[in-house]
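Asker:
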Amino acid sequence: MKTLLIKVDPENPSAEALAPAAEILKRGGTVVFPTETVYGLGGDATHSESAEKIYAAKGRPSDNPLIIHISKPEEAEPYAETNKLWHRLARHFMPGPLTVILPKKDTIPLTVTGGLDSVAVRCPAHPVALKLIELTGLPVAAPSANISGKPSPTCAAHVIEDLDGRVDCIIDGGECTFGVESTIVKITGEDSLILLRPGAVTYDALCCVCSDVTVSDTVMNKLKENERPLCPGSKYRHYAPEKPLTLVGGSEEARISYFAERQKEGAVIICYDEQAEHLESHSVITVGKKDDLEAQGHRLFAALRECDSLEGRCVYANLPSTDGFGLALYNRLIRAAAHTVVYPDQL
Ligand code: AMP
Ligand code: MG
139 MKTLLIKVDP ENPSAEALAP AAEILKRGGT VVFPTETVYG LGGDATHSES
189 AEKIYAAKGR PSDNPLIIHI SKPEEAEPYA ETNKLWHRLA RHFMPGPLTV
239 ILPKKDTIPL TVTGGLDSVA VRCPAHPVAL KLIELTGLPV AAPSANISGK
289 PSPTCAAHVI EDLDGRVDCI IDGGECTFGV ESTIVKITGE DSLILLRPGA
339 VTYDALCCVC SDVTVSDTVM NKLKENERPL CPGSKYRHYA PEKPLTLVGG
389 SEEARISYFA ERQKEGAVII CYDEQAEHLE SHSVITVGKK DDLEAQGHRL
439 FAALRECDSL EGRCVYANLP STDGFGLALY NRLIRAAAHT VVYPDQL
């Protein structure tokens with residue numbers, strides 16, 4: 139398949155530039171577009187065949203449901219059973235990096251929801267995504283625009299690497315702001331929800347709007363054998379570079395000397411700017427200052443892709459703290475590392 143590449147102004151995309159992409163979506167095709175989290179691989183969410191094309195392009199298991207993207211919270215009504223807590227979350231966080239799981243209506247086919255009777259709804263805060271959705275007049279089903287299992291794409295070059303020739307259109311709208319996927323919550327009662335995937339809308343921010351927020355066990359821990367997760371995506375290998383990744387915890391001093399030793403043995407090191415000053419400059423990928431979680435999120439998936447292009451048999455990176463946005467980084471990295479963590483202080 140020949141993929142149409144469209145470059146747009148990320149801040150102020152013209153309707154004219156986006157019109158061909160909107161037409162492709164309306165005709166049941168697939169379009170990759172930027173959002174404030176990561177790039178999404180979109181199709182008409184009311185159309186089974188579009189969903190099947192998305193699963194095929196990504197090589198995604200069809201029991202792993204898609205998020206539907208709308209341009210205003212009010213547009214959820216025809217597709218999902220909303221409630222008071224949804225409206226409160228919408229007022230505080232939408233448009234923005236929050237996905238809410240609600241009971242689905244019949245307008246959304248089961249192919250989109252991986253056979254579940256619930257649907258994940260999100261209203262992205264990116265001018266390109268919003269304008270594209272508006273132009274189609276449709277809810278747009280879109281998972282991250284990577285080949286299943288690989289790190290999510292945060293710029294058009296990553297998308298082209300994975301999906302050129304597998305989708306109808308790719309819109310290049312520059313780099314994504316947050317760089318990690320949306321926070322996902324499931325509403326479980328009038329004033330209670332469960333956090334299924336951490337993102338830029340943090341646990342603390344959710345607690346300001348809802349009095350009972352539970353963090354799902356699968357956010358930090360491995361799935362137990364035969365356990366069926368509330369969020370089907372959490373049972374699949376995800377975000378992983380080709381090289382084996384190990385996370386390093388413990389004191390700053392111990393981490394730095396451990397990184398230096400592993401670097402001498404030929405490993406690739408993903409580290410903070412300050413730590414890089416103590417290491418050789420080859421085979422080091424920096425992700426920002428130690429306390430700058432936003433920069434680290436922005437760089438995370440690019441770093442996980444980059445380590446495969448460097449020489450070295452294996453990769454080491456810092457185990458993040460779980461505070462604030464750190465929980466999102468921890469969740470992605472712990473899964474990329476298949477829960478392999480070392481504490482050099484304790485060796
Ligand atoms: P992605 O769009 O690639 O970030 O993946 C979407 C994530 O949302 C996956 O982990 C899905 O398992 C999860 N998801 C989507 N719909 C639902 C749903 N109805 N219930 C639970 N999790 C969902
Ligand atoms: Mg994904």
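In the working numbering, the protein residues as written are 139 to 485.
C-beta: ideal position from N, C-alpha, C; glycine also.
1. Applying the 10 Å Cβ sphere with the 16-neighbour rule, what's the burial state of S320?
2. Going by the beta-carbon positions, is the gap between G426 and L467 smaller than 8 Å?
3. Any chance the CB of R304 is under 7 Å from a heavy atom of the ligand AMP?
4. Return the residue from the list S186, G166, H477 and A157 that minimises the CA-CA distance to K362.
5. Please find out if some non-hydrogen atom of the ligand MG comes closer than 7 Å to the beta-carbon of T290.
6. For the ligand AMP, I want to know if L204 counts as a neighbour, meaning its beta carbon is within less than 7 Å of at least one of the ligand's heavy atoms.
7. Based on Cα-Cα distance, which residue from L227, G234, S186 and N221 lies nearest to F209?
8. In the DSSP assignment, what residue or residues form a beta bridge with V259?
9. Take the Cβ of D147 as the centre, count every other Cβ of all protein chains shown within 10 Å, and call the residue buried at 16 or more, exposed below.
10. Pair every Cβ in the stretch 449-461 with every Cβ in the stretch 393-401, then say whether three or more of these pairs are closer than 8 Å.
11. Under a Cβ-count criterion, where at least 16 other Cβ atoms within 10 Å of its own Cβ denotes burial, should Q484 be classed as buried or exposed?
12. Just checking, does the stretch 332-346 make contact with the stretch 162-169 on the three C-beta pairs under 8 Å criterion?
13. How big is the Cα-Cα spacing for D244 and E212?
14. Straight-line CA distance for V406 to S447?
15. Would you say S200 touches the ligand MG, meaning its beta carbon is less than 7 Å from a heavy atom?
16. Classify P379: buried if its beta carbon has 16 or more other beta carbons within 10 angstroms, exposed otherwise.
17. Does DSSP classify L248 as helix, strand or coil?
18. Is it buried or exposed for C293, if we count other Cβ within 10 angstroms and need 16 for buried?
19. Please give me, in chain order, every unbroken run of the alpha helix (DSSP H) with length at least 4 that falls completely inside the stretch 333-418.
20. Going straight from the alpha carbon of T175 to that of R260, what length do you get?
21. Rounded to a whole number of angstroms, what is the C-alpha to C-alpha distance between I144 and G181?
22. So, at 7 Å on beta carbons, what are the nonlocal neighbours of Q401 in its own chain, with the 5 sequence-adjacent residues on each side left out?
23. Is V318 near the ligand AMP, in the sense that its beta carbon is under 7 Å from a heavy atom of that ligand?
24. From what residue to what residue does the beta strand (DSSP E) around K243 run?
25. Is K239 near the ligand AMP, going by C-beta to nearest heavy atom under 7 Å?
26. Nearest to Y481 by CA position, among R473, R470, S389 and L471, is which residue?
27. Here's the rule: buried if 16 or more other CB atoms are within 10 angstroms of the residue's CB, otherwise exposed. What is D255?
28. Under a CB-based cut-off of 8 Å, is D310 close to chain B?
29. Regarding G371 and the ligand AMP, is the C-beta to nearest heavy atom distance less than 7 Å?
30. Specify the secondary structure class of Y217 as computed by DSSP and reduced to three states.
31. Look up D182 in the DSSP assignment and say whether it is helix, strand or coil.
32. What does the alpha-carbon distance come out to for the pair P247 and L273?
Answerer: Considering the structure as presented:
1. By the neighbour-count rule (16 or more Cβ atoms within 10 Å), S320 is buried.
2. Not in contact: G426 and L467 (Cβ atoms no closer than 8 Å).
3. Flag unset: Cβ of R304 not near the ligand AMP.
4. K362 has its Cα closest to that of H477, out of S186, G166, H477 and A157.
5. In the sequence on display, residue 290 carries Ser and not Thr. Yes, the Cβ of S290 comes within 7 Å of a heavy atom of the ligand MG.
6. Yes, the Cβ of L204 comes within 7 Å of a heavy atom of the ligand AMP.
7. A quick correction: the sequence has Ser, not Phe, at residue 209. Of the listed residues, the one whose Cα sits closest to S209 is G234.
8. According to DSSP, residue pairing for V259 in a beta bridge involves I206 and V238.
9. The Cβ neighbour count for D147, taken over all protein chains shown within 10 Å, is under 16; the residue is labelled exposed.
10. With three or more CB-CB distances shorter than 8 Å, the stretch 449-461 counts as touching the stretch 393-401.
11. Around the Cβ of Q484, a 10 Å sphere holds fewer than 16 other Cβ atoms; the residue is exposed.
12. Output reads no: the stretch 162-169 does not touch the stretch 332-346.
13. Rounded to whole angstroms, D244 to E212 spans 17 Å at the Cα level.
14. Near 10 Å, if we compare the C-alpha coordinates of S447 and V406.
15. Look at S200: its beta carbon is at least 7 Å from all of the heavy atoms in the ligand MG.
16. By the 10 Å Cβ count, P379 comes out buried.
17. Reduced to three states, the DSSP call for L248 is coil.
18. Sixteen is the threshold: when 16 or more other Cβ atoms of the shown chains lie within 10 Å of the Cβ of C293, as they do, the residue is buried.
19. With a minimum length of 4 residues, the continuous alpha helix (DSSP H) runs that stay inside the stretch 333-418 are 341-345, 390-402 and 411-414.
20. Rounded to whole angstroms, T175 to R260 spans 11 Å at the Cα level.
21. Whole-angstrom Cα-Cα distance: 17 Å.
22. Counting only Cβ-Cβ distances below 7 Å, and skipping sequence neighbours, we find I407, L417, E418 and S421.
23. False, no ligand heavy atom lies under 7 Å from that Cβ.
24. Segment: none, K243 is in no beta strand (DSSP E) and carries neither H nor E.
25. The question names Lys, but residue 239 is Ile in the sequence shown. Yes; taking the cut-off as 7 Å, the Cβ of I239 has a heavy atom of the ligand AMP nearer than that.
26. Of the listed residues, the one whose Cα sits closest to Y481 is S389.
27. So D255 counts as exposed.
28. As a matter of chain content, chain B is missing from the structure shown, which is built from one protein chain.
29. G371: yes, Cβ under 7 Å from the ligand AMP.
30. Y217: coil per DSSP, three-state reduction.
31. Note: D182 maps to strand in three-state DSSP.
32. One C-alpha to the other measures close to 22 Å.
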